[in-house]
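Engineer:
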Amino acid sequence: MQALTQQIPEGSRKEVMAYLEPFMLNEMSEYLKPVEEMWQPADFLPDASRDTFFNEIRDLQESAQELSYDLVAVLIGDTITEEALPTYESWLTMVENVNKNEQGGWMKWVRAWTAEENRHGDLLNKYLYLSGRVNMREMEISTQYLLQDGIDIGTGNDPYRNFIYTSFQELATNVSHRRVAGLAKKDGDRLLAKMCGVIASDEARHAKAYMSFISKAMEVDSSEVMVAFEDMMRKKIVMPAHLLRESGEPQGEAFAHFSDAAQRLGVYTAVDYVDILKELLREWKVESVKELNEAGERARDYLVRLPDRLLRLADRMKMPEKTFRFKWIHD
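Going by my numbering, 265 is the number at position 137 of the sequence shown; the sequence numbering is gapless.
Here is the structure:
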């Protein structure tokens, strides 16, 4: 791909996305794995064709019984988040200024990313079904509601804001799944720990891809990317399941309780939010970006000061103490 030697005129998203498309095609193999070499849910779950099937289910259920209530709640919330994949795919296909050709770099990336992500909800859903601890109908109602309610994450159809959001979100899901893996192992459920570990690994690879898209865009349209980054952080990065609810409840009610459980366990906290922001600032070399216009400089000033401000706020946050009783979980 021929490099551009100067900044693309501000606001020329279409030219930037055309510049990025060959990079997406050429680098896809670095961030996505060949289908037949990847793990599949069947690699981890009891095999109904074997004589040992029922013994394997019994072992799975015995291990699942040792998981704490909050951990099961977080695992269900993570699973529903993964199962809302159709919303995320349709959202990514609506990004403006990208080539919508089915064989173009963007559409190939979206389909391949979706194919990898699809395994996550598939695996965790089957585990929860077999565990015997989950009211699957209530969980399925929440999943259907989340798909129906959609997401409102403040990106619009802008590619820069979308890539910034996905970079942040993939890092956040990596943290969440990795921490659940550690807690599951501590509680004695090694199978669940392995499952969440491989999912976390996928999320880390995907985060690197989206971060690389922004890095390339920063090379040729740094001021516009910086302003988009500032805008997303001023709005705050909301999780894709922020409208999560249980049956008979208003939008977002279950998400608030799910977030409280994650905070109590240390699965995903306000400090993690700040740490992810710091990682993005380092990855995109925000402090050393050159040739910013006035708006870009103001945006950078805001961004580099933001972590310390957020940490002060995080220090003042109270840890939620009361455990909520979810309809998802059998008493």
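Each residue gets a CB set at the ideal place from its N, CA and C atoms; glycine is no exception.
#1: Could you spell out the range, first to last residue, of the alpha helix (DSSP H) harbouring HIS370?
#2: Give me whichever residues DSSP pairs with VAL262 in a beta bridge.
#3: So, does the region 278 to 291 touch the region 311 to 318, judging by three or more C-beta pairs under 8 Å?
#4: To the nearest angstrom, how far is the alpha carbon of MET354 from that of LEU408?
#5: Please name the residue in ASN263, ARG362, HIS458 whose C-alpha comes closest to that of ARG289.
#6: Can you give, in chain order, each stretch of the alpha helix (DSSP H) that sits fully within the region 375 to 423 and has at least 4 residues?
#7: Check this for me: beta carbons of VAL202 and VAL326, under 8 Å apart or not?
#8: Does the distance from the C-beta atom of TYR430 to that of GLU352 stay below 8 Å?
#9: Given a threshold of 16 other Cβ atoms within 10 Å of its Cβ, counted over all protein chains shown, does LYS418 qualify as buried or as exposed?
#10: Going by beta-carbon coordinates alone, are MET222 and ASN229 separated by less than 8 Å?
#11: What's the call for HIS458, buried or exposed, on a 16-neighbour Cβ count within 10 Å?
#12: For a minimum of 3 consecutive residues, which ranges assigned as the beta strand (DSSP E) are wholly contained in the region 291 to 315?
#13: Taking C-alpha atoms, which residue in ASP198, GLN276, PRO150 lies nearest to LEU371?
Structural biologist: Considering the structure as presented:
#1: Here residue 370 refers to the residue found at position 242 of the sequence shown. HIS370 -> no alpha helix (DSSP H), and no H or E assigned at all.
#2: Start at 1 with the first residue of the sequence shown, and residue 262 comes out as number 134. According to DSSP, which records beta bridges pairwise, VAL262 is partnered with ILE457.
#3: no
#4: Sequence index remark: in the sequence shown, residue 354 carries index 226 (1-based). Sequence index remark: in the sequence shown, residue 408 carries index 280 (1-based). Cα to Cα, the separation comes out at about 12 Å.
#5: Position 161 of the sequence shown, counted from the first residue, corresponds to residue 289. Among ASN263, ARG362, HIS458, the Cα nearest to that of ARG289 belongs to ARG362.
#6: 381 to 393, 398 to 411
#7: As a first step, residue 202 must be located in the sequence shown, where it is residue number 74. As a first step, residue 326 must be located in the sequence shown, where it is residue number 198. The answer is no: Cβ separation not under 8 Å.
#8: To locate residue 430, count along the sequence shown from 1; it is residue 302. To locate residue 352, count along the sequence shown from 1; it is residue 224. In this structure, GLU352 does not lie closer than 8 Å to TYR430 by Cβ.
#9: Walking along the sequence shown from the start, residue 418 turns up at place 290. Looking at its Cβ environment, which holds fewer than 16 other Cβ atoms inside 10 Å, LYS418 is exposed.
#10: Taking the sequence shown and counting its residues from 1, one reaches residue 222 at position 94. Taking the sequence shown and counting its residues from 1, one reaches residue 229 at position 101. No; because the gap between Cβ atoms is not below 8 Å, this pair is not in contact.
#11: Counted from its first residue, the sequence shown places residue 458 at position 330. Its Cβ having fewer than 16 others within 10 Å, HIS458 is exposed.
#12: none
#13: Here residue 371 corresponds to residue number 243 of the sequence shown, with the count starting at 1. For the residues ASP198, GLN276, PRO150, the minimum Cα distance to LEU371 belongs to GLN276.
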